[in-house]
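Chemist: Numbers 601 to 1010, taken from my numbering, label the letters of the sequence shown in order. Yeah, the Cβ is synthetic: ideal placement off N, Cα and C, and Gly gets one too. Since this is a predicted model, take the numbers as computed values, not measurements. Below you will find the structure I want to go over with you.
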Amino acid sequence: MADRDSGLDSGLNSGLDSETDRGTDSGISAPVARDHEALGLSVACSRDPRPGVAAQELKQGLDHPDLGFVLFFVSAEYPLDELAEAIDARFGELPVAGCTSAGEITPTGYARGSIVAIGFDRRHYGVATTLIEELDDVTLPDAQRRVEALLSSARRRLPGEAFALTLLDGLSASEEQVLATLDAALGGIPSFGGSAGDDNHLAHTHVFTAGRFHSGAAVVVLITTHHPFEVFSSHHLKARREKLVVTRADAEGRRVLELNALPAVDEYARWVGVPASQLDEGVFARFPLAVKLGDAYYVRSIQRANADGSLSFYCAVETGIVLTAMAAEPILTALEHTLSGLRQRLGSPQLIIGCDCFLRRLEIEALDQVAEASRQLSGASVLGFNTYGEQHHGMHVNQTFTGVAIGSGR
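Right, dumping it as structure tokens:
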């Protein structure tokens, strides 16, 4: 178990001005005019493509005597080995964790090709981390030992209420098993997280801890604090009448071979009214499917249409499940409702660490609403990344905006 712990600082710093490709004119700007001192949080960003420069900008934006832990989200466009060396050189023994993204959420909203980091002051937060390297071998006794050690370490740093953040390799196909086991071990500790991305290439995703990037792995971060917080998950989808039954599936490969006893690609294309040859991420984002558990619907997003007529999914699928067709309501209206509710319950100011599905972002881009979405996210102090899947209380879900909101209680 790799275990490094803890902490945070005031001020909100940004080296990003807009949702643009990464350039060479990055830097840390003056603090945004919002009081985060009471929360003990600091933020720094860079879009400089040079790992050494980017890491130095993060160091300059976050560094202070009581900095205890750094969490970051980074574009997979960076040369990761070089970036890991640069981060390790700049932050030394300070614990740092993070993952690659399918887009970043910075103090000015959506960005690409960048790195955003959050610093935690040890006077306000106790933090402990662990690396899980063999995702297929996670057992409940092992998970319980890890959680007990994490909680003990974090509360030794700072007694308080706890929540957990999980970051998983987004192409591991192991989220369901790992999350269910961790959730059982966490008991009543609320948890959330995201699956690492790679700028929509679906090739290589990584998590970071202990000085280097790891694939086929997960990082669990347990945080204690005396500040009020709320772990949440929201989406903008409602159920339709149509049902699609998975009549044949490859559960291990997360592939649906048949829907309603017909080739999956053909039946899905017929339902959405799009030729099979034109099925792509944009179509999948606009026409999602979900499973109903109790009274709630959990989206099972499609990853791609395959040449053999099957559909690959981001979440677990199996023969016999019933998929409900979902319809999208106005996404930014739903986002504002979520953010305003958090503000009302937690007070202001607050910082939200957000895990936002990359399919939501694709929908927002298709609707030409990136600027307005960025305004909403920035106004609510959301920092985070676009994911290949979200995690909420042990569930692996898609097309959600999931995270933790930290409030001042004022």
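Suppose you measure from the CA of LEU731 to the CA of VAL820; what does that come to, to the nearest Å?
Modeler: Locating residue 731 in the sequence shown gives position 131, counting from the first residue. Locating residue 820 in the sequence shown gives position 220, counting from the first residue. Going from the Cα of LEU731 to the Cα of VAL820 covers about 7 Å.
Chemist: Within 10 angstroms of the Cβ of GLU734, are there 16 or more other Cβ atoms? Answer buried if so, exposed if not.
Modeler: Counting from one through the sequence shown, the residue named residue 734 turns up at place 134. Result: exposed.
Chemist: Any idea what DSSP makes of ILE687, helix, strand or coil?
Modeler: Position 87 of the sequence shown, counted from the first residue, corresponds to residue 687. In the structure shown, ILE687 sits in a helix (DSSP, three-state: H, G or I).
Chemist: How far does the alpha helix (DSSP H) with GLU936 in it reach, from first residue to last?
Modeler: Here residue 936 is taken as the residue at index 336 of the sequence shown, counted from 1. Per DSSP, GLU936 belongs to the alpha helix (DSSP H) from 931-946.
Chemist: Quick one: measure Cβ to Cβ for VAL950 and SER1008, integer angstroms, because I've assumed they're closer than 8 Å.
Modeler: Here residue 950 corresponds to residue number 350 of the sequence shown, with the count starting at 1. Here residue 1008 corresponds to residue number 408 of the sequence shown, with the count starting at 1. Residue 950 is actually Gln in this sequence, not Val. With a Cβ gap of about 7 Å, GLN950 and SER1008 count as contacting.
Chemist: For ASP721, which residues does DSSP report across the bridge?
Modeler: Mapped onto the sequence shown, residue 721 falls at position 121. The partner list for ASP721 (beta bridge, DSSP) reads LEU667.
Chemist: Using the Cβ count rule (16 or more neighbours within 10 Å means buried), how would you classify ARG961?
Modeler: Indexing the sequence shown from 1 puts residue 961 at position 361. Burial call: buried.
Chemist: Out of SER833, LEU782, HIS724, GLU704, which one is the CA nearest neighbour of ASP742?
Modeler: The residue labelled residue 742 in the question sits at position 142 within the sequence shown. The option with the nearest alpha carbon to ASP742 is LEU782.
Chemist: At the level of alpha carbons, what is the spacing between ILE823 and ASP737?
Modeler: Counting from 1 along the sequence shown, the entry for residue 823 is found at position 223. Counting from 1 along the sequence shown, the entry for residue 737 is found at position 137. Roughly 25 Å between the two C-alpha positions.
Chemist: At the level of alpha carbons, what is the spacing between VAL727 and ILE715?
Modeler: Residue 727 sits at position 127 when you count from the first residue of the sequence shown. Residue 715 sits at position 115 when you count from the first residue of the sequence shown. One C-alpha to the other measures close to 21 Å.
Chemist: Please report the straight-line C-alpha distance between LEU942 and SER701, rounded to a whole angstrom.
Modeler: Here residue 942 is taken as the residue at index 342 of the sequence shown, counted from 1. Here residue 701 is taken as the residue at index 101 of the sequence shown, counted from 1. Computed Cα separation, rounded: 25 Å.
Chemist: Considering only C-alpha positions, which residue in the set ARG854, SER795, ALA796 is nearest to SER912?
Modeler: Your numbering for residue 912 matches position 312 in the sequence shown. Nearest C-alpha to SER912: ARG854.
Chemist: Taking the CB atoms as reference points, tell me whether PHE1001 and LEU935 lie closer together than 8 Å.
Modeler: The residue given as residue 1001 occupies position 401 in the sequence shown. The residue given as residue 935 occupies position 335 in the sequence shown. Yes, these two residues count as a Cβ contact at 8 Å.
Chemist: Look at the alpha carbon of ASP635 and the alpha carbon of HIS827, and state the distance between them as a whole number of angstroms.
Modeler: Stepping through the sequence shown from its first residue, residue 635 is reached at position 35. Stepping through the sequence shown from its first residue, residue 827 is reached at position 227. Because the pLDDT of ASP635 is 38, which lies under 50, any placement of that residue in the model is unreliable, and the number read from its coordinates should be weighed accordingly. C-alpha separation (whole angstroms): 15 Å.
Chemist: List, from N- to C-terminal side, the alpha helix (DSSP H) runs of 4 residues or more that fit wholly inside the segment 826-882.
Modeler: Here the runs fully enclosed are 864-872.
Chemist: Please look up how many angstroms separate the CB atoms of ALA717 and LEU662, rounded, as I've assumed it's under 8 Å.
Modeler: As a first step, residue 717 must be located in the sequence shown, where it is residue number 117. As a first step, residue 662 must be located in the sequence shown, where it is residue number 62. Yes, ALA717 and LEU662 are in contact; Cβ-Cβ is about 6 Å, under 8 Å.
Chemist: Tell me GLY726's beta-bridge partners as DSSP assigns them.
Modeler: Taking the sequence shown and counting its residues from 1, the one referred to as residue 726 is at position 126. In the DSSP output, where bridge partners are listed per residue, GLY726 has THR824.
Chemist: Let me know if GLU704 comes out buried or exposed under the rule of 16 or more other beta-carbons within 10 Å of its beta-carbon.
Modeler: Counted from its first residue, the sequence shown places residue 704 at position 104. With 16 or more Cβ atoms within 10 Å of its Cβ, GLU704 is classed as buried.
Chemist: In the DSSP assignment, find the unbroken alpha helix (DSSP H) run with GLN744 in it and report its ends.
Modeler: Here residue 744 refers to the residue found at position 144 of the sequence shown. Segment 740-757, the alpha helix (DSSP H) holding GLN744.
Chemist: Going by C-alpha distance, which of ALA773, ALA885, VAL1004, LEU859 is nearest GLY967?
Modeler: Locating residue 967 in the sequence shown gives position 367, counting from the first residue. Reading off the sequence, residue 967 comes out as Leu, not Gly. For LEU967, the nearest C-alpha among the options comes from ALA885.
Chemist: In angstroms, rounded to a whole number, what distance separates the CA positions of LYS838 and LYS659?
Modeler: Position 238 of the sequence shown, counted from the start, is the residue given in the question as residue 838. Position 59 of the sequence shown, counted from the start, is the residue given in the question as residue 659. Approximately 43 Å, taken between the alpha carbons.
Chemist: Buried or exposed for ARG712, please, with buried defined as at least 16 other CB atoms from any protein chain shown within 10 angstroms of its CB.
Modeler: Mapped onto the sequence shown, residue 712 falls at position 112. When all chains shown are included, ARG712 counts as buried.
Chemist: Kindly indicate the opening and closing residues of the beta strand (DSSP E) around PHE913.
Modeler: Position 313 of the sequence shown holds residue 913. Looking at the DSSP string, the run of the beta strand (DSSP E) that includes PHE913 is 911-913.
Chemist: Which first and last residues belong to the alpha helix (DSSP H) in which GLY661 is found?
Modeler: Here residue 661 refers to the residue found at position 61 when the sequence shown is read from its first residue. First-last of the alpha helix (DSSP H) with GLY661: 651-662.
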